[in-house]
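J.: Here it is: the structure, laid out below.
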Amino acid sequence: MTDLPFLLRLVDDPSPRVASKVAERLLAYGPQVWREIEEQQVPLSDSQRMALETLFVFPAPTYDENSTDRLWQEWGELGATPGEIAYLERGLFALASWQSGADVSERGAHLLDRLATEFRAFGDARDALALAQFLFDFCGLRGAPPTEFYEPRNSNLLFVLEEGSGLPISLCCIFILVGARVGLRIEGCNFPGHFLTRDSRLQRVFDPYNRGQMLSAREVAILEKAAPGEMRSAATAREIIARVLRNLSVAYHHNGDTEASGLMLSLLRAMDGD
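To convert a position in the sequence shown, counted from 1, into our numbering, add 708.
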């Protein structure tokens with residue numbers, strides 16, 4: 709028996725450092741990894757299989773467009789960005805700029821600023837519940853339908869801000885970034901399969917994908933029992949960016965864009981050196 713089953717359980721781990729180390733160990737198996745999996749009868753989830761296929765089929769990006777060069781330059785400077793909020797925002801808009809083909813950081817920051825300004829006139833700026841109601845009820849930010857989960861634009865923060873629809877983690881990031889602008893500390897909860905947020909002051913858990921619904925104590929207890937570590941600790945900006953990268957890699961792979969899929973994985977590996 710090898711350490712393969714253990715490595716496969718970590719192949720989609722939220723930590724960039726863990727993901728990089730696991731990828732390195734798995735690559736050492738070479739193409740025979742599939743035979744090892746079959747012989748050891750190791751069960752694979754869909755996300756694990758997709759991550760493994762992407763890892764072995766697309767080990768490095770081949771893009772040479774100017775936008776990709778700019779993305780790599782931005783990624784090289786990302787690790788020196790001070791503060792969790794600044795790191796998260798810079799990383800997300802670096803990816804959005806690459807997806808959009810132009811620098812959209814200023815435009816994105818303006819939209820976040822505008823939401824914060826409008827919220828101050830809307831209700832109690834000290835209340836996370838009021839912010840959730842403002843963003844996901846009054847402003848109408850909503851979750852993308854499951855049929856569009858493999859649409860890369862739903863991970864593009866500018867697109868989500870402008871179109872009002874995105875993946876759970878994209879909506880959570882808007883909640884976090886607007887919250888920071890009005891003095892609220894909103895944390896990410898890296899729950900497997902469905903990203904959530906928490907008000908750090910009152911420890912209330914919100915689901916931005918479901919119109920900012922605040923979870924009941926019973927619902928939170930069930931989630932904590934299923935994934936205690938993820939629910940009780942705040943996701944770091946690095947962990948959030950890493951999850952976005954994995955989502956994008958899978959989405960591009962699903963749509964047949966092998967180079968973009970590989971690029972996202974390479975960016976993930978590069979984060980290990982931050």
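We put the CB at the ideal spot given by N, CA and C, even for glycine.
(1) Do L866 and A817 count as a contact pair if the criterion is CB distance below 7 Å?
(2) Have a look at A810 and Y960 and give me their C-alpha separation to the nearest angstrom.
(3) For the alpha helix (DSSP H) holding D821, just list the boundary residues, first then last.
(4) With burial defined as no fewer than 16 other Cβ atoms inside 10 Å of the residue's Cβ, what is the status of E895: buried or exposed?
(5) List, from N- to C-terminal side, the alpha helix (DSSP H) runs of 4 residues or more that fit wholly inside the stretch 834-908.
(6) For S957, is the classification buried or exposed, using 16 other Cβ atoms within 10 angstroms of its Cβ as the cut-off for buried?
(7) Which residues in the same chain as Q748 place their Cβ atom closer than 8 Å to its Cβ, once the five residues preceding and following it in sequence are excluded?
(8) Rounded to whole angstroms, what's the CA-CA distance from F830 to A852? Just pull it up for me.
(9) Can at least three beta-carbon pairs, one atom from the stretch 787-806 and one from the stretch 932-941, be found at a separation below 8 Å?
(10) Closer than 7 Å, CB to CB, is A935 near chain D or not?
(11) Out of R822, L885, L931, A925, state which residue places its alpha-carbon closest to the alpha-carbon of G791.
(12) I'd like the span of the alpha helix (DSSP H) that includes R946, first residue to last.
(13) For Q911 and P860, I'd like the C-alpha separation in whole angstroms.
(14) DSSP three-state call for Q921: helix, strand or coil?
(15) Answer with buried or exposed for P900, where buried requires no fewer than 16 other C-beta atoms within 10 angstroms of its C-beta.
(16) How many whole angstroms separate the CB atoms of L975 and L953, which I take to be in contact at a CB cut-off of 8 Å?
(17) Within the same chain, show all residues whose beta-carbon is closer than 8 Å to that of A836, passing over the 5 residues directly before and after it, in chain order.
(18) Which class does V750 belong to by DSSP, given the choice of helix, strand or coil?
T.: A quick look at the data gives this:
(1) Stepping through the sequence shown from its first residue, residue 817 is reached at position 109. Stepping through the sequence shown from its first residue, residue 866 is reached at position 158. No; because the gap between Cβ atoms is not below 7 Å, this pair is not in contact.
(2) For the purposes of this step, residue 810 is taken as the residue at position 102 of the sequence shown. For the purposes of this step, residue 960 is taken as the residue at position 252 of the sequence shown. C-alpha separation (whole angstroms): 19 Å.
(3) For this step, residue 821 is matched to residue 113 along the sequence shown. D821 -> alpha helix (DSSP H) spans 813-830.
(4) Residue numbering aside, residue 895 sits at position 187 when the sequence shown is read from its first letter. With 16 or more other Cβ atoms within 10 Å, it is buried.
(5) 836-841, 865-871, 876-889
(6) Position 249 of the sequence shown holds residue 957. The residue is buried, with at least 16 neighbouring Cβ atoms inside 10 Å.
(7) Indexing the sequence shown from 1 puts residue 748 at position 40. Result list for Q748: M709, T710, L712, P713, in chain order.
(8) Taking the first residue of the sequence shown as position 1, residue 830 is located at position 122. Taking the first residue of the sequence shown as position 1, residue 852 is located at position 144. Each residue's CA atom was taken as its position, placing F830 and A852 some 25 Å apart.
(9) no
(10) Here chain D cannot be found, since the structure has a single protein chain.
(11) Stepping through the sequence shown from its first residue, residue 791 is reached at position 83. Ranking R822, L885, L931, A925 by Cα distance to G791 puts L885 first.
(12) Reading the sequence shown from its first residue, position 238 is the one you call residue 946. Segment 945-962, the alpha helix (DSSP H) holding R946.
(13) Sequence index remark: in the sequence shown, residue 911 carries index 203 (1-based). Sequence index remark: in the sequence shown, residue 860 carries index 152 (1-based). Whole-angstrom Cα-Cα distance: 31 Å.
(14) Residue mapping note: residue 921 aligns to position 213 of the sequence shown, counting from 1. Note: Q921 maps to strand in three-state DSSP.
(15) Here the question's residue 900 lines up with position 192 in the sequence shown. Its Cβ having fewer than 16 others within 10 Å, P900 is exposed.
(16) If you number the sequence shown from 1, residue 975 lands on position 267. If you number the sequence shown from 1, residue 953 lands on position 245. With a Cβ gap of about 6 Å, L975 and L953 count as contacting.
(17) The residue labelled residue 836 in the question sits at position 128 within the sequence shown. Here the set comprises G887, L892, I894, D907, R909, L910, R912, F914.
(18) In the sequence shown, the residue the question calls residue 750 occupies position 42. Here V750 sits in coil by DSSP.
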